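Residue numbers (the working numbering): 38 to 191. Just so it is clear, CB atoms sit at the ideal spot from N, CA and C, and this is done for glycine as well. These figures come from a predicted structure and were not determined experimentally.
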Amino acid sequence: MPTFKLQPGQYGLMGIPDSGYSMKVGAALHYKGLDYRWLHRFRYRKAFQAHAKVQLIPMLFMPDGSVMQDSTPILDMLEERYQEPAIHPTDPALRFLSILLEEYGDEWGNKLMFHYRWGYPADQRHRGRSLAAATMGGVTFDWLGRLVAPLVAP
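Written out as structure tokens, the structure reads:
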């Protein structure tokens with residue numbers, strides 16, 4: 038299993054591209070101008086297992102060596118440490134609305150995501166392949182097919 042080393046001051050974001058929550062944290066890191074390295078969750082299985090309190094992504098490796106999971110607490114921590122640019126408005130009413138919309142997106146917007154991910158046959162085929170490929174840590178179906186085809190149909 039590959040290992041990774043972060044540069045001094047660099048964050049490590051562990052997730053998969055199909056995870057809206059991983060993308061949410063990546064967007065926040067990018068928006069705040071923070072240096073981070075993308076770590077594919079299934080490519081770095083051992084690191085994930087060593088640090089996971091629960092089997093959920095995203096996981097954020099901090100420059101100080103600590104690790105966090107769950108996108109909302111991660112964003113709260115980033116907002117506290119790096120107040121500019123702010124993720125949420127400073128006006129109390131707008132801040133409340135922003136946090137409410139984020140929470141709504143996290144808890145109810147994902148229902149739309151699942152519908153559009155699995156609701157139609159073409160999407161089911163595409164997403165099934167992409168998620169299966171993601172769990173193989175970068176091993177592609179084409180590569181796997183070339184490897185297995187001679188064994189199955191010599």
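Beta-carbon spacing of residue i, residue j below 8 Å
i    : j    : result
R74  : L43  : yes
M51  : R82  : no
D69  : S108 : Before going further, note that residue 69 is Lys rather than Asp in the sequence given. Contact: no.
A64  : L115 : no
A84  : Q106 : no
Y48  : P100 : yes
R132 : P126 : yes
R154 : R162 : no
L71  : F41  : no
Residue i, DSSP secondary structure in three states
i    : result
G102 : coil
R141 : This sequence places Tyr at residue 141; Arg is not what is there. Helix.
Y119 : coil
M173 : coil
T127 : coil
K42  : coil
Y157 : coil
I136 : helix
P110 : helix
P54  : coil
DSSP bridge partner residues for residue i (one or two, in chain order)
i   : result
Y48 : Y73
Open item on the list: Under 8 Å: do the segment 91–100 and the segment 138–155 share three or more Cβ pairs, one atom per stretch?
Closed with: Under the 8 Å Cβ criterion, the segment 91–100 does not count as touching the segment 138–155, having fewer than three qualifying pairs.
Task: Contiguous beta strand (DSSP E) assignments of at least 3 residues, all confined to the segment 56–96 - done: Positions of the beta strand (DSSP E) runs, each at least 3 residues long and wholly inside the segment 56–96, are given as 73–77 in order along the chain.
Open item on the list: Count Cβ pairs between the segment 127–147 and the segment 157–169 that sit closer than 8 Å; are there 3 or more?
Closed with: No contact exists between the segment 127–147 and the segment 157–169.
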